[in-house]
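Residue numbers (our numbering), protein chains in the order written: chain A, 1 to 232; chain B, 233 to 808. Every residue gets a Cβ at the ideal spot worked out from N, C-alpha and C, and that includes glycine. Beneath this line is the structure, given in C-alpha cells, with notes to follow.
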C-alpha cells in the first residue's frame with residue numbers, strides 16, 4: 001500500500017523550529033511503522049533521525065507519537081495506522097533531533113525511587129525463598145522496558161517538571177511489593193513527597209500508552225493505598 | 233576532543249559488560265560506554281532461561297551440564313572453560329537472585345527450572361529441568377537487575393557514546409578507547425589501564441535475524457582491524473524458531489514447555505531425526521531438520537517455513553510461562569498460538585566466535601595463547617570457547633554472568649598492579665580522519681544498499697547449509713562490497729545524533745567480520761555443529777578438532793589453528 005508519512009523534523013544545527021515533512025513509501029500492511037521509517041532513512045532521506053534497536057517491542061528505544069498516541073514504532077503495523085500517518089517525538093521532553101528526545105530527566109526520575117533491591121540481612125548461601133504467590137504480587141510491574149511512553153502521555157508531566165512520573169512509580173511498585181525487599185518504606189516516603197504519587201489525577205493515559213500492557217494506574221493506586229493505610 | 237582517565241573502560245552495557253562493571257564498582261575508577269541506554273542492550277531480548285544445575289526440581293549435577301555443553305558444541309568446546317561455566321553457573325545464578333532478579337518459583341519457593349534444548353540428565357539419557365527462568369523474559373530481568381545494581385553502586389555510565397577506536401601503546405598494551413558522543417558529536421579519548429569489550433554479536437550481517445539493529449559487531453571489528461585475532465568466526469548459530477519473515481525469536485522454552493514442530497503433513501518431524509531429544513535436540517540440528525523438510529517439499533504451502541504447534545498446551549501455561557512470545561505471534565503475524573500453529577523459520581541468532589580469550593577474559597594475541605595486556609572481552613563478542621561449534625540454549629546468559637564476573641575480578645587485580653600505559657600521539661586522529669573523509673564525500677555509495685546486499689548474500693550462501701561454490705561467490709560479493717564501501721557517502725553532515733554516519737560505520741564493521749567468517753568457513757573442510765557443508769558432510773577430528781584463528785595482516789588475512797582443550801570427554805559421534 002502507498003502511504004504518506006508526515007514526520008515532525010527538527011535539526012537544531014539547521015532549523016529554527018520544527019516543521020512537518022512528508023514522505024511517500026510503499027509498504028505491506030504487515031510492515032511495522034519502524035520499517036517505514038527505515039525505508040525513508042535508507043533509501044530517501046538519510047538525515048531522518050530516530051532511536052531504534054531490537055525492533056520487536058523489548059528494548060524500549062523507539063517510543064514516539066504515532067497519530068497522536070504514544071506507541072513503539074516497532075510494535076505498530078502499518079495496516080493499523082491508515083495511509084496518512086503523523087509521527088512526532090514524545091511530548092514533554094526537549095527534542096535533540098527529529099524524533100530523538102532528551103531522556104535525562106526520565107532516567108533521573110527512575111533513579112530517584114531507588115530502583116534496586118534493598119536488603120539489610122546477609123545473603124543466604126543459596127536463593128532466598130519466595131512463594132509463587134509472592135512472586136506474582138509484583139509480576140506486572142517487572143515488565144517495564146523504560147520506554148517513557150507512559151510518562152510522556154501523562155498530562156501532569158507536561159506541566160509539572162517535579163513529578164517523578166508513572167514509569168518511576170511502576171518501578172518503585174516492582175520493589176515495594178517484592179517480599180524480599182526491605183526498602184519499601186524509603187520508597188514510600190519518596191513517593192509521598194510533592195513530586196510523588198499524589199500528583200497523579202488518575203487520567204489513565206499511562207495505562208493506555210503502555211506497550212507492555214502494564215496496569216500502571218492500578219499500580220499507582222496501590223502505592224497510594226499503601227501510603228494511606230500502612231505505617232512506614 | 234575531551235580527555236578522560238579511568239582505571240578501566242567497559243564497552244557495552246549488556247549482561248557481560250554490566251556483570252564486569254558490578255565486580256569493579258566502588259573499587260576502581262571505571263566507566264561503562266554504550267551506544268544505547270544500558271537497559272536497551274540486546275541481553276534484554278533473551279527469553280527462555282539461564283542454565284544452572286541447581287537441582288531444584290529434579291536431580292542434576294554441574295558435570296552433566298558440562299557434558300551437555302561439550303557435546304552440544306560438537307566437541308569444539310574448550311573443556312576447562314566448560315567446567316568453569318557449568319560449575320560457576322550455580323553461584324552466579326544465586327548471585328543474580330540476591331541482586332533481586334525475580335525468577336519464577338517452585339511451590340516450595342525455590343527458583344523454578346524447566347527443560348531446554350540439549351540439556352540432559354546423566355550424560356544424555358533424556359531432558360532435564362535446568363533452565364532457571366523469569367517467564368519468557370529472563371534476559372529482560374537480567375538486564376534490568378544488573379542495570380539497577382549499576383545504579384546502586386554509582387557506576388559511571390557514558391550512555392549513547394559510539395565506539396570508534398581501541399588504542400594501543402607502542403608496546404602493544406591496550407590503553408583506552410576513542411568514542412563519539414551521539415547527542416553532541418564530541419569526540420572523547422578515554423585513557424585506561426584496561427578495556428573490556430562486551431559489545432555483543434553481529435547477527436545484522438544476515439537478512440533474517442533475531443538480533444537487534446545494534447548487533448553490528450563494532451567492538452569485535454575495531455580491534456580486529458588493529459591486528460587482534462578473531463576465533464571460530466565460521467560458527468554462527470541459526471535458531472530454529474524465528475517468526476516467519478521477521479526473524480523475531482520464539483524461545484526454545486516454547487518447545488521446553490511441550491511445543492512441537494510440524495511439517496505440511498502435520499507430522500512431528502523432529503522425532504524422525506532425533507528419537508531421544510526430539511524437538512529439544514540442539515539448535516544447529518533442529519535448524520537443519522527444518523532445512524531438510526523444506527528441501528523435501530514438506531514446508532508449509534511449499535514455502536520455506538514450518539509450524540510451531542502450541543495448541544495442545546493448556547492456555548494457562550501459555551499465559552503464565554510464554555506470554556511475550558505468544559504476544560509476538562499475535563502482534564506481527566496475527567496468529568493466536570492457543571488455537572493456531574505459528575509459522576517459523578531459522579533465524580541468525582548467535583556468534584559462537586569472536587575475540588579469543590583465556591579463562592579470565594584476557595584477549596589472546598595469537599593461537600599460542602599469548603595475551604594482549606589490558607584488553608579483555610566477554611559475552612557474545614568473546615570466544616572463550618564455551619560454545620564450540622554450537623551454543624546450547626540458555627548458555628549465552630550463563631556465559632555473560634560467569635565470564636563477565638571472572639573478567640571483572642581479574643581486571644580489578646590488573647588495574648591495581650598496573651599504571652596507565654602511554655597513549656599514542658593524537659589518539660583520536662585515525663577515527664576523526666575516517667569520519668571526516670566519509671562526511672566530506674559529496675556523493676558515493678549508499679551504506680544501506682551495501683548492507684542489504686551483504687545480508688542477502690550471507691543468508692543465501694553462508695547460513696544453515698554451505699558449500700565451497702556458494703561461499704566463494706559470497707566472498708567475491710563481500711570483496712566487491714568492501715571496495716564499494718571505500719566510497720561510501722552519507723547525506724547527514726551534522727554533528728548532532730548523526731545515525732546516518734553511525735549506520736555507515738556499522739556497515740563497514742560487518743563487512744570486515746563477514747569476510748573473516750567466510751574465510752574460516754571455507755578453510756574448515758568438514759561439518760561440525762552450526763557449520764554444515766554439503767561438500768564435506770562429516771566431522772573430521774583428525775584435521776579439524778581445532779579452532780580457527782584469523783588475523784588481519786595489512787591487506788592479507790592469516791589463518792592458523794589452535795588446538796581444542798580436551799580434559800574429560802573424548803569426542804564422540806553426536807546423537808540425540
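Considering only the alpha carbon of each residue, which of the options lies closest to residue i?
i                      : options                    : result
residue 595 of chain B : B:430, B:323, B:531        : B:430
residue 30 of chain A  : B:674, B:658, B:644, B:563 : B:563
residue 133 of chain A : A:177, A:182, A:196        : A:177
residue 27 of chain A  : A:5, A:17, A:47, A:136     : A:5
residue 98 of chain A  : A:128, A:62, A:54, A:82    : A:62
residue 249 of chain B : B:464, B:274, B:660, B:680 : B:274
residue 643 of chain B : B:235, B:239, B:234        : B:239
residue 202 of chain A : A:186, A:190, A:221        : A:221
residue 646 of chain B : B:235, B:241, B:236, B:628 : B:241
residue 700 of chain B : B:339, B:767, B:632        : B:767
residue 542 of chain B : B:269, B:784, B:484, B:422 : B:484
residue 685 of chain B : B:740, B:760, B:243, B:606 : B:740
residue 494 of chain B : B:514, B:508, B:473, B:479 : B:473
residue 218 of chain A : A:69, A:44, A:207          : A:207
residue 402 of chain B : B:730, B:746, B:605        : B:605
residue 611 of chain B : B:434, B:695, B:698, B:675 : B:434
residue 351 of chain B : B:296, B:383, B:315        : B:296
residue 497 of chain B : B:526, B:421, B:517, B:488 : B:526
residue 601 of chain B : B:335, B:462, B:756, B:569 : B:462
Please confirm if residue i has its CB atom under 8 Å from at least one CB of chain A.
i                      : result
residue 571 of chain B : no
residue 560 of chain B : yes
residue 272 of chain B : yes
residue 731 of chain B : yes
residue 719 of chain B : no
residue 449 of chain B : no
residue 268 of chain B : yes
residue 726 of chain B : yes
Could you please give the first and the last residue of the uninterrupted alpha helix (DSSP H) stretch that includes residue i?
i                      : result
residue 39 of chain A  : 33 to 43
residue 207 of chain A : 205 to 209
residue 150 of chain A : 149 to 153
residue 693 of chain B : 679 to 693
residue 635 of chain B : 627 to 649
residue 701 of chain B : 700 to 717
residue 111 of chain A : 104 to 112
Along the chain, where does the beta strand (DSSP E) that runs through residue i open and close?
i                      : result
residue 423 of chain B : 419 to 429
residue 407 of chain B : 406 to 413
Spell out whether any CB of chain B is found under 8 Å from the CB atom of residue i.
i                      : result
residue 221 of chain A : no
residue 55 of chain A  : yes
residue 248 of chain A : There is no way to answer for residue 248 of chain A, as the model of chain A reaches only from 1 to 232.
residue 150 of chain A : no
residue 103 of chain A : yes
residue 238 of chain A : In the structure as shown, chain A begins at 1 and stops at 232. Residue 238 of chain A is therefore absent and cannot be evaluated.
residue 189 of chain A : no
residue 123 of chain A : yes
residue 91 of chain A  : no
residue 5 of chain A   : no
Could you tell me which chain A residues have their CB closer than 7 Å to the CB of residue i, listed as they occur along the chain?
i                      : result
residue 337 of chain B : 130, 131, 132, 135
residue 341 of chain B : 129, 130, 131
residue 384 of chain B : 116
residue 445 of chain B : 52, 53, 55
residue 373 of chain B : 142
How would you list, in chain order, the residues of chain A whose beta-carbon sits under 8 Å from the beta-carbon of residue i?
i                      : result
residue 345 of chain B : Going along chain A, no residue has its Cβ under 8 Å from residue 345 of chain B, so there is no contact; the nearest lies around 11 Å.
residue 380 of chain B : 115, 116, 117
residue 277 of chain B : 54, 56, 58, 59
residue 687 of chain B : The premise fails here: residue 687 of chain B is roughly 12 Å from chain A at the closest Cβ pair, so nothing lies under 8 Å.
Under 7 Å Cβ-Cβ, which residues of chain B neighbour residue i?
i                      : result
residue 241 of chain A : With chain A covering 1 to 232 only, the question about residue 241 of chain A has no answer from this structure.
residue 117 of chain A : 331, 332
Which residues in chain B sit within 8 Å of residue i, going by Cβ to Cβ distance?
i                     : result
residue 78 of chain A : Those do not exist, as residue 78 of chain A stays about 12 Å from chain B at its closest Cβ, beyond 8 Å.
residue 75 of chain A : 563
List the residues of chain B whose Cβ lies closer than 9 Å to the Cβ of residue i, in chain order.
i                     : result
residue 42 of chain A : 678, 679, 680, 681, 683, 684, 735
What does residue i touch in chain C if you count any residue whose Cβ is under 8 Å from its own?
i                      : result
residue 723 of chain B : No chain C is part of this structure, whose protein chains are labelled A and B.
> If you scan the region 287 to 348 of chain B from start to end, which runs of the beta strand (DSSP E) of 3 or more residues do you find wholly inside it?
Replying inline: Counting whole runs of 3 or more residues, the region 287 to 348 of chain B contains no beta strand (DSSP E) stretch at all.
> What residue ranges within the region 725 to 793 of chain B form continuous beta strand (DSSP E) runs of no fewer than 3 residues, ordered along the chain?
Replying inline: Those beta strand (DSSP E) runs which fall completely within the region 725 to 793 of chain B and span 3+ residues are 778 to 785.
>> In chain order, what are the residue ranges of uninterrupted alpha helix (DSSP H) at least 4 long that sit wholly in the region 517 to 565 of chain B?
In response: 547 to 553, 555 to 565, all fully within the region 517 to 565 of chain B.
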